[in-house]
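In our numbering, the protein residues as written are 1243 to 1614. The beta-carbon is built from N, C-alpha and C at its ideal position, and this holds for glycine as well. Working notes, structure below.
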Ligand code: F6P
């Protein structure tokens, strides 16, 4: 009987980088090689590198010391979707093309038996399209935004939350010294998980997230109420995807080379200006930006990423396809990739974290009257 298990597996990291990617690469490479005798082909810069045939074999030593290293040693991009591929013409204009046939040709040329895709929502959509073309694919859920369905959490989220929490600690001392309102804008795309968890951990007074529509009067009232009670400073943690009461998200740009062209950003400045106008209190804004994605992963993310890498190697080497490794409770399971992309995992407004935050006095800008 011939052994049909994959012997040559391509591994790529796609989308925005995230702390823990290198721990996945290490966990995957060592398990696939050490336990299964497979050859691991590291693909550079996500799907773009696949299309350009930029790949190399990863050995045991090359992935040494990676468990705590931020970023991804393979590189990544969020502009390499083969079904939405930007091509720049001689006149500088960018047009979008379907170059999936080229990607399939590269997979055949490189003699890859399977593909392992470490990525978020966008990468899992692409992974699923390869599955539909007959490529055996295993997914690994990555994103600081924590917005992938079918897994309890993604690695990178814990690190981002820790960074937000520390930033709020720092902002609180200067806010308190100067009797100011500090607005902190955090990432998360269309989900408020980072603002909710980071805001709770840092003890933010107000948290504004996309899932809970807020009103200006409620935001001002809480800031004023604190000032009247002698707390002449406030911390307002706002998710980049929160929607203004007068309508819509705040965008810093549109990039048509990406599958999701919207670039969120700028709501912090709007909220700060409105609070200063509405309360008369001096207000400053901090945009945490890519600090939330850079640097070393927390211990929790290192362990989760390592477990995901090991589980993905076991799944791919066994011959599994169309599945993503996922955390359920304390165990790692395999779920259909389609389940992970069916809906974006946003914060349920009645989530227990929201309830706990409200119980300790945190406001979400939707309160109708002030409670003590
Ligand atoms: O999805 C991760 C994320 O950091 C989002 O929170 C954010 O909106 C986006 O990526 C930023 O993307 P870029 O690095 O391309 O500016």
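First and last residue of the uninterrupted alpha helix (DSSP H) at residue i
i: residue 1570; result: Here residue 1570 belongs to no alpha helix (DSSP H); instead the beta strand (DSSP E) covers 1565-1570.
i: residue 1263; result: 1263-1278
i: residue 1215; result: Outside the shown range of the chain (1243 to 1614) lies residue 1215, about which nothing can therefore be said.
i: residue 1556; result: 1541-1560
Residues bridged to residue i [DSSP beta-bridge criterion]
i: residue 1253; result: 1284, 1358
i: residue 1605; result: 1448
i: residue 1577; result: 1566
i: residue 1397; result: 1384
i: residue 1506; result: 1493
i: residue 1379; result: 1357
Buried or exposed by the 16-neighbour rule on C-beta atoms within 10 Å, applied to residue i
i: residue 1611; result: exposed
i: residue 1311; result: buried
i: residue 1384; result: buried
i: residue 1496; result: exposed
i: residue 1262; result: buried
i: residue 1494; result: exposed
i: residue 1604; result: buried
i: residue 1369; result: buried
i: residue 1255; result: buried
i: residue 1510; result: buried
i: residue 1513; result: buried
i: residue 1470; result: exposed
i: residue 1243; result: Because the pLDDT of residue 1243 is 47, which lies under 50, any placement of that residue in the model is unreliable, and the number read from its coordinates should be weighed accordingly. When all chains shown are included, residue 1243 counts as exposed.
i: residue 1387; result: buried
i: residue 1286; result: buried
i: residue 1482; result: buried
i: residue 1363; result: buried
i: residue 1330; result: exposed
i: residue 1412; result: exposed
i: residue 1303; result: exposed
i: residue 1570; result: exposed
i: residue 1342; result: buried
i: residue 1405; result: buried
i: residue 1503; result: exposed
i: residue 1555; result: buried
i: residue 1420; result: exposed
i: residue 1375; result: exposed
i: residue 1326; result: buried
i: residue 1279; result: exposed
i: residue 1585; result: exposed
i: residue 1602; result: exposed
i: residue 1415; result: exposed
i: residue 1541; result: exposed
i: residue 1560; result: exposed
i: residue 1201; result: Any answer about residue 1201 is impossible in this case: the structure gives the chain only from 1243 up to 1614.
i: residue 1519; result: exposed
i: residue 1299; result: exposed
i: residue 1334; result: exposed
Residue i: first and last residue of the uninterrupted beta strand (DSSP E) it sits in
i: residue 1528; result: 1525-1529
i: residue 1428; result: 1423-1428
Complete beta strand (DSSP E) runs within the segment 1294-1367 (minimum length 3 residues, chain order)
1297-1300, 1327-1330, 1336-1339, 1356-1361
Give the list of continuous alpha helix (DSSP H) stretches no shorter than 4 residues that lie fully inside the segment 1445-1489.
1458-1470
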